[in-house]
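Trainee: Chains as they are written, first to last, in my numbering: chain A, 152 to 301; chain B, 152 to 301. Where is the CB? At the ideal position from N, CA and C, for every residue including glycine. Values in this document were obtained by computation on a predicted structure and should not be read as measured data. First, the structure itself, so that you have it in front of you.
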DNA sequence: TAAAATTAGTTAGCATAGCTAACTACATTT
DNA sequence: AAATGTAGTTAGCTATGCTAACTAATTTTA
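Right under this line is the structure:
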């Protein structure tokens, strides 16, 4: 790890940056899992629900693509969410398809869970200096875009 | 989402930054799961193995703490790793405990998997400008430290 | 020092979540 | 009309999370 070409404190070597980001992401999600347990919903259901809440209604197949799981897996995740009253099915023109939509309860529960997650992280960011937060804020947006483009 | 006080393109509002980092982490790990499947080892086993490879031998309880799972869960993860010949158990003074250590095979497999993960991310970073990578490199280190302190 | 309490790890049993293969039902193409 | 393709489900496997209850070893205490 770390070849340290190190002309500066940081580096622009993609592998070295990737390594740090990778490490950060692992540790972040490891911690956030804890706040998620408070929601009483499993991680896959929570994640699928978040797509419906933040991006609107989707068919099962679209949801499976978005979550990068196979249709049978999404079929079961959706069954669980429906059983818990967090989402609803709507018939469509094409009778093979169905539109899935978050219910009011589902939306509320998701937003509370998301708040818990984000608040935990935000609290840690408060220990940084104003300048550091400024830099991190500038770059967080860029980072999110790069990663979504993977 | 996004109250957008927005005095600048970025912000120093911890909640807003946290929100973006959260989003980035989710999308990153969602993608990296794909490269991990090539290793033929489950995510929990891979993660536990990485602790043994990068931080040295640990008892089962220490490993459970590090991975934030309960002892019975780690007990089974360890059983799987041992069955696949990726780790080894060593007796200790206290006969209730056992030290777990990665085998040569385990170390090799883990490092290859890690390389696949990191390379995939590094490839995406190559689409950034030199300046952007420089900024990201400067901040990645800070980010990793903050998150580990959660 | 014998008994009680604590600690480390396992076993059993449950739920969720990932997969492939095989199926049903509907839609489209030929 | 028949063949092909597409959307989603069912069945059955493995892995991963939990709690409760257990065994064995160690430490504390009466």
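(1) What does the alpha-carbon distance come out to for the pair residue 217 (chain A) and residue 225 (chain A)?
(2) Based on the DSSP output, what are the partners of residue 268 (chain B) in its beta bridges?
(3) Closer than 8 Å between beta carbons: that is the criterion. Which residues of the region 185-207 of chain B meet it against chain A?
(4) Quick check: the Cα distance between residue 295 (chain B) and residue 192 (chain A), rounded to an integer number of angstroms?
(5) Is the Cβ of residue 235 (chain B) closer than 8 Å to any Cβ of chain A?
(6) Among all the DSSP beta bridges, which residues are the ones paired with residue 192 (chain B)?
(7) Excluding the 5 residues flanking residue 249 (chain B) on each side, which residues of the same chain have their C-beta closer than 8 Å to its C-beta?
(8) Can you list, in chain order, the residues of the region 267-279 of chain A whose Cβ is nearer than 8 Å to any Cβ on chain B?
(9) Suppose you measure from the CA of residue 221 (chain B) to the CA of residue 233 (chain A); what does that come to, to the nearest Å?
(10) Counting contacts by CB-CB distance shorter than 8 Å, is residue 291 (chain A) in contact with chain B?
(11) Give the interface partners of residue 179 (chain A) over in chain B, defined as CB-CB distance under 8 Å, in chain order.
(12) Could you check whether residue 180 (chain A) and residue 176 (chain B) sit closer than 8 Å to each other, using their CB atoms as the reference points?
(13) Give the straight-line distance between the Cα atoms of residue 256 (chain B) and residue 236 (chain B), rounded to the nearest whole angstrom.
(14) Identify, in the order they occur along the chain, each residue of the same chain with its Cβ nearer than 8 Å to the Cβ of residue 189 (chain A), setting aside the five sequence neighbours on each side.
(15) Measuring only between beta-carbons, confirm whether residue 287 (chain A) sits less than 8 Å from chain B.
(16) Residues of the region 218-246 of chain B with a CB closer than 9 Å to any CB of chain A: list them in chain order, please.
(17) For residue 238 (chain B), which beta-bridge partners are listed by DSSP?
(18) Just to confirm my understanding: we take residue 158 (chain A), look at its own chain, exclude 5 residues before and 5 after, and list those with CB closer than 6 Å. What are they?
(19) With 8 Å set as the bound, which would you pick, yes or no: does the beta-carbon of residue 169 (chain B) sit closer than that to a beta-carbon of chain A?
(20) Less than 8 Å between CB atoms is the rule here; does residue 284 (chain B) satisfy it with respect to chain A?
(21) What residues in its chain sit with their C-beta under 8 Å from that of residue 184 (chain B), if we drop five residues either side in the sequence?
Mentor: So, to answer that:
(1) Mapped onto the first chain, residue 217 (chain A) falls at position 66. Mapped onto the first chain, residue 225 (chain A) falls at position 74. Answer to the nearest angstrom: the Cα atoms are 10 Å apart.
(2) Indexing the second chain from 1 puts residue 268 (chain B) at position 117. In the DSSP output, where bridge partners are listed per residue, residue 268 (chain B) has none listed.
(3) Identification of residues in the region 185-207 of chain B having a C-beta nearer than 8 Å to some C-beta of chain A yields 185, 198, given in sequence order.
(4) Position 144 of the second chain, counted from the first residue, corresponds to residue 295 (chain B). Position 41 of the first chain, counted from the first residue, corresponds to residue 192 (chain A). Going by the C-alpha atoms only, they are around 28 Å apart.
(5) Your numbering for residue 235 (chain B) matches position 84 in the second chain. For residue 235 (chain B), the answer is no, since every Cβ of chain A falls outside 8 Å of its Cβ.
(6) On the second chain, residue 192 (chain B) is found 41 positions in, with the first residue counted as 1. Bridge partners of residue 192 (chain B): none, in fact.
(7) Looking up residue 249 (chain B) in the second chain gives position 98. Here residue 249 (chain B) has 210, 211, 240, 241, 242, 243 as same chain residues with Cβ atoms under 8 Å from its own Cβ, once five neighbours each way along the sequence are excluded.
(8) Taking 8 Å as the cut-off between beta carbons, the residues of the region 267-279 of chain A near chain B are 268, 269, 270, 271, 272, 273, 274, 275, 276, 277, 278, 279, in sequence order.
(9) Residue numbering aside, residue 221 (chain B) sits at position 70 when the second chain is read from its first letter. Residue numbering aside, residue 233 (chain A) sits at position 82 when the first chain is read from its first letter. Those two C-alpha atoms are separated by around 29 Å.
(10) Along the first chain, read from residue 1 onward, the residue named residue 291 (chain A) stands at position 140. It does; some Cβ of chain B falls within 8 Å.
(11) Reading the first chain from its first residue, position 28 is the one you call residue 179 (chain A). Simply 172, 173, 176, 298, 301.
(12) Numbered from 1 along the second chain, position 25 holds the residue referred to as residue 176 (chain B). Numbered from 1 along the first chain, position 29 holds the residue referred to as residue 180 (chain A). The answer is yes: Cβ separation under 8 Å.
(13) Counted from its first residue, the second chain places residue 256 (chain B) at position 105. Counted from its first residue, the second chain places residue 236 (chain B) at position 85. Spanning the two alpha carbons is a distance of roughly 7 Å.
(14) In the first chain, residue 189 (chain A) corresponds to position 38, counting from 1. 264, 267.
(15) Mapped onto the first chain, residue 287 (chain A) falls at position 136. Interface residue, yes.
(16) From the region 218-246 of chain B, only 218, 219 have a Cβ closer than 9 Å to chain A.
(17) The count along the second chain starts at 1 and reaches residue 238 (chain B) at position 87. For residue 238 (chain B), which the question treats as bridged, DSSP gives the partners B:253.
(18) For the purposes of this step, residue 158 (chain A) is taken as the residue at position 7 of the first chain. Residue placement at residue 158 (chain A) is poorly supported in this model, since its pLDDT is 43, which falls under 50; the coordinates still yield a value, given next. Nothing meets the Cβ criterion.
(19) Stepping through the second chain from its first residue, residue 169 (chain B) is reached at position 18. With 8 Å as the cut-off, residue 169 (chain B) counts as an interface residue toward chain A.
(20) Reading the second chain from its first residue, position 133 is the one you call residue 284 (chain B). Chain A contact via Cβ: present.
(21) By 1-based counting over the second chain, the position of residue 184 (chain B) is 33. Counting only Cβ-Cβ distances below 8 Å, and skipping sequence neighbours, we find 194.
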